[in-house]
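Heads up, the thing below is written out as structure tokens.
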Amino acid sequence: MERLFSPLALGPVELPNRIVSTAHQTTLVHEHVPTDDFVAYHEARARGGAGLIVLEATAVHPSGLLTSHTLGGYLPEIVDGYRRVAAAVQPHGTRLYVQLLHGGREQIAGPPRPPAIAPSAVPSPRFRAEPRALTGDEIEELVAGYARCAELAAEAGLDGIELSAAHRYLIEQFLDPELNLREDEWADGGRFLVGVVRAVRAAAPGLGLGVRLSADSPRAGRIAELLVAEGVDYLSLALGDSATYLGSVGIVPPPPVEEAAIASRTEPFALGPPRIATSRMIDVEVADRLIASGGAEALGMTRALITDPELPAKARAGRVREIIGCTGCNACIAHYHAGTPLRCASNPRTGRELTLGAPEAAEKKRLVVVGGGPAGIAAAVEAGRAGHEVVLVEHSDRLGGQIALAGAAPGGAEVSRRFLANAERQLEVAGVEVRLDTEAWPEADAAVLATGARPYRGDEGLTAWDVLSGVLPDGERVLVADWGGDPSGLDAAEVLAAAGKQVTLAVASVAVGELVHQYRRNLYLQRLYRAGVRILHHHELASGPVLRNVFASELTVSIEADAVVLALGRVPVTVERPSGIPVERAGDCLSPRSLEEAVLEGTLAARRVFA
Ligand SMILES: Cc1cc2nc3c(=O)[nH]c(=O)nc-3n(C[C@H](O)[C@H](O)[C@H](O)COP(=O)(O)O)c2cc1C
316 MERLFSPLAL
326 GPVELPNRIV
336 STAHQTTLVH
346 EHVPTDDFVA
356 YHEARARGGA
366 GLIVLEATAV
376 HPSGLLTSHT
386 LGGYLPEIVD
396 GYRRVAAAVQ
406 PHGTRLYVQL
416 LHGGREQIAG
426 PPRPPAIAPS
436 AVPSPRFRAE
446 PRALTGDEIE
456 ELVAGYARCA
466 ELAAEAGLDG
476 IELSAAHRYL
486 IEQFLDPELN
496 LREDEWADGG
506 RFLVGVVRAV
516 RAAAPGLGLG
526 VRLSADSPRA
536 GRIAELLVAE
546 GVDYLSLALG
556 DSATYLGSVG
566 IVPPPPVEEA
576 AIASRTEPFA
586 LGPPRIATSR
596 MIDVEVADRL
606 IASGGAEALG
616 MTRALITDPE
626 LPAKARAGRV
636 REIIGCTGCN
646 ACIAHYHAGT
656 PLRCASNPRT
666 GRELTLGAPE
676 AAEKKRLVVV
686 GGGPAGIAAA
696 VEAGRAGHEV
706 VLVEHSDRLG
716 GQIALAGAAP
726 GGAEVSRRFL
736 ANAERQLEVA
746 GVEVRLDTEA
756 WPEADAAVLA
766 TGARPYRGDE
776 GLTAWDVLSG
786 VLPDGERVLV
796 ADWGGDPSGL
806 DAAEVLAAAG
816 KQVTLAVASV
826 AVGELVHQYR
836 RNLYLQRLYR
846 AGVRILHHHE
856 LASGPVLRNV
866 FASELTVSIE
876 ADAVVLALGR
886 VPVTVERPSG
896 IPVERAGDCL
906 SPRSLEEAVL
916 EGTLAARRVF
926 A
């Protein structure tokens with residue numbers, strides 16, 4: 316992986332290698348400045364060997380605070396915040412930039428929201444923001460805001476600035492003829508971008524300056540042309556459009572969007588400035604090959620580094636098998652949208668760098684872990700890494716529990732495959748003995764019970780889990796009765812449609828899959844519609860194929876169906892506690908939730924059980 320680990324000059328700034336943590340909101344921000352958790356989070360990625368860290372989208376003006384956890388790049392106190400991050404990151408050789416952004420009409424915050432502003436008053440369909448048109452004076456004030464932010468970043472000793480002209484945020488809104496209906500001098504959409512680039516250069520002449528754009532945008536060619544003419548130091552190529560349901564999926568694309576999704580989009584941007592290409596780069600070897608083939612000069616591996624901050628160091632040391640690979644589950648961005656601190660479903664230490672240290676054992680003991688789903692796997696790995704002797708017993712013939720089941724459907728296949736591949740490697744490295752098809756527990760000094768869940772009302776008929784296990788109902792017409800929470804009903808509907816069934820998916824919630832992150836859900840909906848699945852919202856099962864409207868219960872509808880498949884939620888599976896030894900429980904056996912809680916609780920249970 317010579318190419319990945321060779322230095323790269325971005326104008327005045329030399330990166331020690333080509334692996335970049337691109338801008339991503341951490342929600343580790345308080346009062347619009349970095350918290351100690353923020354500093355520790357980025358320090359871990361620098362220590363792990365990232366060549367460049369671009370700090371998250373930072374507001375250039377109070378009107379551009381996307382959420383109450385957005386960095387305020389215009390605040391005098393940001394200088395001290397940046398300095399603390401720089402002092403933690405730069406000694407590792409990692410270069411540090413900040414991304415300056417104004418969302419324009421895109422507003423992620425809940426109330427009280429600032430008034431939305433945009434080149435023209437055109438409502439935004441995804442966030443349902445209804446902006447007013449900026450005055451000429453206000454536009455000048457925003458340009459000055461970018462410049463002021465650049466000055467403060469320079470004062471704090473950052474290495475460079477990145478401007479976001481991506482994702483149809485403010486800069487790109489000026490360049491979009493559907494959103495810029497102005498008749499003054501700002502009708503020239505490039506004027507704002509060029510004005511900002513020049514103002515930032517003038518305000519921070521010694522710093523590197525790169526610009527991010529969405530490579531799949533119809534405006535990308537024009538933006539790149541203007542940037543090359545302005546002599547910017549790099550182009551950061553991302554995907555996606557914040558304004559639409561489908562466009563937003565591209566911002567943080569989950570599988571089944573293909574691995575290295577950006578790779579097919581970089582060629583038109585080989586215009587001189589180095590390209591940092593980002594989106595679904597997971598594997599260091601794939602990344603190295605993309606550089607070798609001339610597809611990019613550096614690579615954003617953002618979720619890959621959210622999952623494993625030590626990815627560069629491990630790759631460099633030939634310890635690729637020890638890398639915890641990103642599954643693409645998008646728990647990270649789900650936290651951003653929920654306004655909660657950044658987390659990773661596969662690595663509970665992400666965002667907890669200050670509180671959840673490496674596994675440590677005082678005295679080697681014997682642990683039995685009962686249940687080989689994500690919680691049990693996490694517990695076994697944690698205890699094994701701490702040096703304990705661990706036996707993991709699983710009553711079925713495979714590991715993974717529900718994540719393995721989800722692997723049968725397109726929406727879960729890659730997340731499942733990657734999670735299980737991580738698990739296999741981590742269990743091996745941790746020296747855990749895995750016993751499949753086993754009911755009996757060996758003698759141990761302590762136990763972690765992680766016995767998972769089963770379908771609610773699973774004894775009343777065929778369930779989504781049965782379908783995912785390969786059991787298909789007789790008959791052509793199938794009704795899937797979905798409570799509207801976890802993705803199992805959606806997965807079953809897709810599997811049934813792919814098997815040639817005529818599927819009606821009745822969903823008893825306001826939106827489809829309310830516990831599924833919106834980017835994954837948007838793709839579920841796309842596939843379900845394309846597969847001809849009939850979606851009936853707001854209906855729950857009354858009896859047989861009769862459905863009742865959840866808002867007007869007197870309204871019923873009878874579905875012509877040969878079979879009904881149940882996806883009505885889950886209930887815990889419990890087993891009797893062994894006596895005489897310390898016991899901890901973890902994951903769905905405490906109450907069924909998501910992968911993230913299972914992995915976290917398994918990890919914590921393994922630490923607690925010997926405490
Ligand atoms: C939690 C989270 C927050 C993000 N916030 C930003 C942001 O502030 N600015 C930006 O340009 N991109 C943002 N992104 C997009 C990432 O920079 C990156 O382009 C995206 O995650 C795809 O790359 P990956 O597949 O390597 O993760 C964010 C991504 C995540 C996961």
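Here the sequence shown is numbered in the numbering used here, starting from 316 and rising by one per residue. We put the CB at the ideal spot given by N, CA and C, even for glycine.
The segment 491-549 is shown to contain whole beta strand (DSSP E) runs of 3 or more residues at 523-529, in chain order. Inter-segment contact for the segment 682-691 and the segment 758-773 is present: three or more beta-carbon pairs are separated by less than 8 angstroms. Residue range Ala728 to Val744 is occupied by the alpha helix (DSSP H) that includes Asn737. Proximity to His853 across Gln841, Arg534, Val825 and Asn837 peaks at Val825, based on C-alpha coordinates. Across the structure, Ala517 and Ala471 are spaced so that their CA atoms are roughly 17 angstroms apart.
Per DSSP, Gly615 is one residue of the beta strand (DSSP E) stretching across Ala613 to Gly615. DSSP places Asp877 outside both helix and strand once states are collapsed to three, so it counts as coil. Contact check between the segment 867-875 and the segment 726-740: fewer than three CB pairs, one atom from each, fall below 8 angstroms, which does not count as touching. By the criterion of a C-beta distance shorter than 7 angstroms, Asp474 is surrounded in its chain by Val328, Arg410, Leu411, Tyr412, Leu522 and Gly523, once the five residues flanking it on both sides are discounted. Val795 has Leu820 and Val880 as its beta-bridge partners, per DSSP. By the CB criterion at 9 angstroms, Ala882 and Ala762 fall outside the cutoff. For Asn864, the enclosing beta strand (DSSP E) covers residues Val861 to Asn864.
A straight-line Cα-Cα distance of about 50 angstroms links Gly815 and Leu386. Exclusion of the five residues before and after Val782 leaves Ala807, Val810, Leu811 and Val880 as the residues of its chain whose Cβ lies within less than 7 angstroms of its Cβ. In the DSSP assignment, Val348 forms a beta bridge with His345.
The secondary-structure analysis by DSSP pairs Gly640 with nothing; it has no beta-bridge partner. Unbroken beta strand (DSSP E) stretches of 3 residues or longer found wholly inside the segment 755-806: 761-764, 768-770 and 792-797, given in chain order.
With a cutoff of 8 angstroms, Gly615 counts as near ligand 1, since its C-beta is closer than that to a heavy atom of the ligand. The residue from Gly460, Arg447 and Glu477 with its alpha-carbon nearest to that of Leu367 is Glu477.
In the DSSP annotation of this structure, the continuous segment of the alpha helix (DSSP H) that includes Gly396 starts and ends at Ile393 to Val404.
Taking Leu319 as reference, the option from Glu358, Gly726, Glu612 and Leu541 with the minimal CA-CA separation is Glu612. The beta-carbon distance between Ile621 and Thr665, rounded to whole angstroms, is 6 angstroms. This is short enough to meet the 8 angstroms contact definition. With respect to Gly609, Ala592 sits apart: the two C-beta atoms are not nearer than 9 angstroms. The nearest non-hydrogen atom of ligand 1 is less than 8 angstroms from the C-beta of Met596. Secondary structure of Ser594 (DSSP, three-state): coil.
Between Ala355 and Ala402, the C-beta spacing is not below 9 angstroms. As a beta-bridge residue in DSSP terms, Tyr412 pairs with Val369 and Gly475. Pairwise C-beta distances place the segment 543-559 out of contact with the segment 626-633, as fewer than three of them are shorter than 8 angstroms. With a cutoff of 9 angstroms on beta-carbon distance, Asp623 and Gly363 are scored as near each other. The segment 566-580 makes no contact with the segment 505-516, as fewer than three CB pairs between them are under 8 angstroms. Proximity to Ala724 across Ala365, Asp351 and Tyr839 peaks at Tyr839, based on C-alpha coordinates. For His854, the three-state secondary structure derived from DSSP is strand. For Thr871, the beta-bridge partners assigned by DSSP are Arg863. For Pro897 and Val924, the gap between their C-alpha atoms comes out near 6 angstroms.
Within the same chain, Cβ atoms closer than 6 angstroms to the Cβ of Phe489 are found at Pro434, Asn495, Gly504 and Phe507, the five residues on either side in sequence being excluded. Residue environment for Gly847: exposed (fewer than 16 other C-beta atoms within 10 angstroms of its C-beta).
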